[in-house]
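Per my numbering, the very first residue in the sequence shown carries number 246; after that it's consecutive.
Don't be surprised by glycine CBs; every beta carbon is placed ideally from N, CA and C.
The structure displayed is predicted, hence computed values, not measured ones.
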Amino acid sequence: MAQQEVHISSLVVHVKPDHLEVVKTQILDFPNTEIHGESEEGKIIVVLETANQGYVTDTIDKINNLEHVLITFLVYHQIEHFDPQSEDDS
246 MAQQEVHISS
256 LVVHVKPDHL
266 EVVKTQILDF
276 PNTEIHGESE
286 EGKIIVVLET
296 ANQGYVTDTI
306 DKINNLEHVL
316 ITFLVYHQIE
326 HFDPQSEDDS
């Protein structure tokens, strides 16, 4: 039986504080992104839930390339394996 993976990652994105709202909107435009916190100093906590690690690194690169982003840090990455055939459909 083939197992599938789910990659759960959290990032801290540091942005110029005056552009916090604009950058948050741009981050949420990326698929599979959620924002779970922010600070007025310009730090955003982003969570990704993806099917592969390549998407995580690609998304970090894309966020880093957004205007007004200073840096993005990966702070957590977990890989869960599951068998989709054993999932309960109810």
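Check                                                                                                                                                                  : Outcome
Assuming the contact rule is C-beta atoms closer than 8 angstroms, isoleucine 324 and histidine 252 should be a hit. Round their C-beta distance to whole Å, please.   : 6 angstroms
Residues in the same chain with beta-carbon distance under 7 angstroms from histidine 281, minus the five sequence neighbours each way, listed in chain order, please. : Ile290 and Val292
In angstroms, rounded to a whole number, what distance separates the CA positions of threonine 317 and threonine 278?                                                  : 14 angstroms
Using DSSP with H/G/I as helix, E/B as strand and the rest coil, what is isoleucine 324?                                                                               : strand
Report the residue from Gln248, Gln249, Pro276 and Val268 whose alpha carbon sits nearest the alpha carbon of asparagine 310.                                          : Val268
Report yes if the C-beta distance between leucine 319 and glycine 287 is below 9 angstroms; otherwise report no.                                                       : no
Applying the 10 Å Cβ sphere with the 16-neighbour rule, what's the burial state of aspartate 256?                                                                      : Position check: residue 256 holds leucine in this sequence, whereas aspartate was assumed. Counting Cβ neighbours within 10 Å, leucine 256 comes out buried, since at least 16 surround it.
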